[in-house]
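Protein chains: 2
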Amino acid sequence: MVTPYTDADAVALLHRHGINPTTQRVMITRVLFERGVHMAADDVFRIVNADDNQVSKATVYNTLGLLAEKGAIRQVIADPVKVFYDPNTSPHHHLYDEGTGELTDIDAIDVNVTGLPPLPLGASLQGVDVIVRFRQKK
Amino acid sequence: MVTPYTDADAVALLHRHGINPTTQRVMITRVLFERGVHMAADDVFRIVNADDNQVSKATVYNTLGLLAEKGAIRQVIADPVKVFYDPNTSPHHHLYDEGTGELTDIDAIDVNVTGLPPLPLGASLQGVDVIVRFRQKK
DNA sequence: CTTAATGCAAAGGCTTTGCAGAGAC
DNA sequence: GTCTCTGCAAAGCCTTTGCATTAAG
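Residue numbers (my numbering), protein chains in the order written: chain A, -7 to 130; chain B, -7 to 130.
1) Does at least one heavy atom of the ligand SAH sit under 8 Å from the Cβ of G91 (chain A)?
2) From the DSSP output, which residues share a beta bridge with R27 (chain B)?
3) Can you find a C-beta in chain B that's less than 9 Å from the C-beta of D(-1) (chain A)?
4) Within 10 Å of its beta-carbon, does R38 (chain B) have 16 or more other beta-carbons around it, so buried, or fewer, so exposed?
5) With a cut-off of 8 Å on the beta carbons, I'd call V103 (chain B) and L108 (chain A) a contact; round off their distance for me.
6) Residues of chain B with CB under 7 Å from F37 (chain A), in chain order?
7) Run down chain A in chain order and give the residues with a C-beta less than 8 Å from the C-beta of P13 (chain B).
8) Which bits of chain A does L111 (chain B) rub up against, with CB to CB less than 9 Å?
9) Since V68 (chain B) sits in a beta bridge, which residues does DSSP pair it with?
10) S116 (chain B) versus chain A: which residues are under 9 Å apart at the beta carbon?
11) Report the neighbours of A70 (chain B) on chain A: residues whose CB is nearer than 8 Å to its CB, in chain order.
12) Can you give me the start and stop residues for the alpha helix (DSSP H) that I39 (chain B) sits inside?
13) Secondary structure at I123 (chain A), three-state DSSP: helix, strand or coil?
14) What did DSSP end up calling I98 (chain A) once you bin it into helix, strand or coil?
15) Can the beta-carbon of L87 (chain B) be found less than 9 Å from the beta-carbon of T81 (chain B)?
16) Which residues in chain B have a C-beta closer than 9 Å to the C-beta of T106 (chain A)? List them in chain order.
17) What does the alpha-carbon distance come out to for the pair V75 (chain B) and A33 (chain B)?
18) Given a cut-off of 9 Å, decide if Y(-3) (chain B) and V36 (chain B) are closer than it, judged by their beta-carbon atoms.
19) Can you tell me where the beta strand (DSSP E) with T106 (chain A) in it begins and where it stops?
20) Using 10 angstroms around the beta-carbon of D99 (chain A), count the other beta-carbons present and answer buried if the total reaches 16, otherwise exposed.
21) With a 10 Å radius around its C-beta and 16 neighbouring C-beta atoms as the bar for buried, classify L111 (chain A) as buried or exposed.
22) Nearest CA to the CA of A60 (chain B): which residue from B:G93, B:D43, B:N41 and B:R17?
23) Whole angstroms is fine: what's the gap from T14 (chain B)'s alpha carbon to G63 (chain B)'s?
24) Using a Cβ cut-off of 9 Å, pull out every chain A residue sitting near V75 (chain B), in sequence order please.
25) Quick one, are the C-beta atoms of P79 (chain B) and V120 (chain B) less than 9 Å apart?
26) So what does L59 (chain B) bridge to, in DSSP terms?
27) How far does the alpha helix (DSSP H) with N7 (chain B) in it reach, from first residue to last?
28) Taking all protein chains shown into account, decide if H7 (chain A) is buried (16 or more other Cβ within 10 angstroms of its Cβ) or exposed.
29) Could you name the residues of chain B that G119 (chain A) contacts, counting a contact when the two beta carbons are closer than 7 Å?
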């Protein structure tokens, strides 16, 4: 499903995270937030360039890295081969199909993680990832 | 810390998982289980070849993959760049330092994950990974 | 002798980097 | 004019693969 997400929305989001909203960054942001689902860098690259726009691979990688670093999106490490980028930054978890490499969301509403130990001194928590890995029975 | 872990222990472990215990496989198994900590394939490769033994990179990768597939060790996907292999297959979770890439264990004894949704039909659970990501304050 | 495992080197996929050119203010 | 961003291509890193060689029973 494609949620309405305008250039103005993207610009606002970028500003909110202290990122200079250039043409390419806005395009990349829109691709992610319109669809609202995590994708790999390569997916973003392909989609951005689908409708004749031109954004280089380097810019896609750099921008995704920047967005993640600034907290506008979230990196999801679940696949041994590639990183997913998730526009959903609210607490939620992931279901990972080891057969297909497909990643889907689990709402965090009902999920509770308790009993975690305290962090090392001077450390700031970046997030708690819960990844449920499954495989289709053959 | 290096726990006593003999060739015979390694052979027994391999047998238990239906793996033919060849010289190289025993060496690799010992490296992991003596130290008892997760390491990347490259670490294993370096250690195995440290004391003049000769095991090729391909064999290290193949063996680690085989051990993981057979359930003798566990793959940990926490670093965007490389896969860790963990000789500890009992339930436990991980603390990941985004700055250094260092991975440490969290006992699962006190950790509880509740409220997970049911799996898709015909799926078998491979595991639930909890990864606590932190970063040193600068 | 037959089957399985190993080693080497090359290839592959994802990501990062260096640097020149283009764009923004 | 200065500073930032972009694009291209090359390089980097981890991992896999193909195939000939070697070991095992």
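A virtual CB, placed ideally from N, CA and C, is assigned to each residue, including glycine. Since the structure is predicted, the reported quantities are computational estimates derived from the model, not experimental observations.
Concretely, from the data shown:
1) This structure lacks the ligand SAH, and indeed carries no ligand of any kind.
2) In the DSSP output, where bridge partners are listed per residue, R27 (chain B) has none listed.
3) It does not; no Cβ of chain B falls within 9 Å.
4) exposed
5) Contact between V103 (chain B) and L108 (chain A) holds: CB atoms are separated by about 6 Å, below the 8 Å threshold.
6) Chain B residues near F37 (chain A): none, gap ~17 Å exceeds 7 Å.
7) Ordered by position in chain A, no residue passes the 8 Å Cβ test against P13 (chain B), which lies about 26 Å from the chain.
8) L87, V124 and F126
9) B:F76
10) Under the 9 Å cutoff, chain A gives F126, R127, Q128 and K129.
11) I69
12) A33 to V40
13) strand
14) strand
15) no
16) Chain B residues near T106 (chain A): D102, V103, N104, V105 and T106.
17) 7 Å
18) Cβ distance not < 9 Å, so V36 (chain B) and Y(-3) (chain B) don't count as in contact.
19) N104 to T106
20) Here D99 (chain A) is exposed, its C-beta having fewer than 16 other C-beta atoms within 10 Å.
21) exposed
22) Measuring from the Cα of A60 (chain B), the nearest candidate turns out to be B:R17.
23) Those two C-alpha atoms are separated by around 18 Å.
24) P72
25) Going by C-beta atoms, P79 (chain B) is not nearer than 9 Å to V120 (chain B).
26) Looking at the DSSP assignment, L59 (chain B) forms no beta bridge with any residue, so it has no partner.
27) Here residue 7 (chain B) turns out to be His, not Asn, going by the sequence shown. Looking at the DSSP string, the run of the alpha helix (DSSP H) that includes H7 (chain B) is D(-1) to R8.
28) exposed
29) Neighbours of G119 (chain A) on chain B, chain order: R125.
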